[in-house]
Amino acid sequence: MTRKSALITGASRGIGRAIAHAFAQAGYDLYLTCLHSETALSEDCREYARTFHINAQGFCVDMGDFDAVQTLFSHIPDLDVMINNAGISHIGLLSDMTTDQWRRLMATNLDACFYTCKLAVPLMVRKKQGRIINISSVWGNVGASMEVAYSASKGAINSLTKALAKELAPSNIPVNAIACGVIDTDMNRCFSEDELRALIDEIPADRLGQPQEVAALALQLAGAPAYLTGQILTIDGGFC
């Protein structure tokens, strides 16, 4: 039986790495990307192949660069699941943010999602099946002070998800997003211990989320009924 394949962006650490492990364990062949951690990603690919007997290829790609993404897709002849996880954050006053910082964040968080969807959709439409899963944030739902650009990019991802789901529903291609709460990843290492404790005090579950929990939800979405589409599924311990 032919194995299904998944492209997971930002797969060298955090949520993306947990998703890659979950999909490898489920028997998917993997195309994985990173921006800086090529050596670590290559080792992960070898480990997935040894442990789960799948094919795993790693690519060092700036997902905010369309030419680079096109080159990536030249290595992908077929695709069943597209997971847009690559992203960066920016904390600070909007008035202090430079235009270069704004453009870089939007390129990585939003433009990259457009690029991958643009190139993945034809691969899926031709066989009338596929899944697109976008990793979003609760701040895309409600906004966060001092994270205006990040919130805006994730709000745009939510809207893109809903609109693309309607566009692709006739082709049997569900499009959904996972809006993550505060997950225990390197992205949140910028907070002090006191700041993290204050955050946790606001979370009814009384803890940070784990990347593996997001990964489990992504895997469930990949196998969910096709009638489940255009949804923003929030995993936040009751935070928002």
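Residue numbering for the sequence shown is 120 to 359, as defined by the numbering used here. Here a beta-carbon is modelled for each residue, glycine too, at the ideal position from N, C-alpha and C.
| Query | Result |
| --- | --- |
| Extent of the continuous beta strand (DSSP E) to which THR152 belongs | 148 to 153 |
| Meets three-Cβ-pair contact criterion under 8 angstroms: the segment 338 to 355 and the segment 243 to 258 | yes |
| Distance, GLN350 Cα to GLU286 Cα | 14 angstroms |
| Contact between the segment 268 to 288 and the segment 213 to 224 (3+ Cβ pairs under 8 angstroms) | yes |
| Straight-line Cα distance separating PRO289 from ALA137 | 31 angstroms |
| Separation of SER208 from LEU224, as counted between CA atoms | 7 angstroms |
| Within 8 angstroms, strictly: CB atoms of LEU149 and ALA187 | no |
| Alpha helix (DSSP H) segments (min. 4 residues) lying fully within the segment 206 to 271 | 218 to 225, 231 to 244, 257 to 261 |
| ALA139 to GLY211 span [Cα, whole Å] | 31 angstroms |
| Where GLY357 sits in the DSSP three-state scheme | coil |
| Per-residue DSSP class, three states only, for GLY361 | This structure gives no information on residue 361, because the portion of the chain shown stretches from 120 to 359. |
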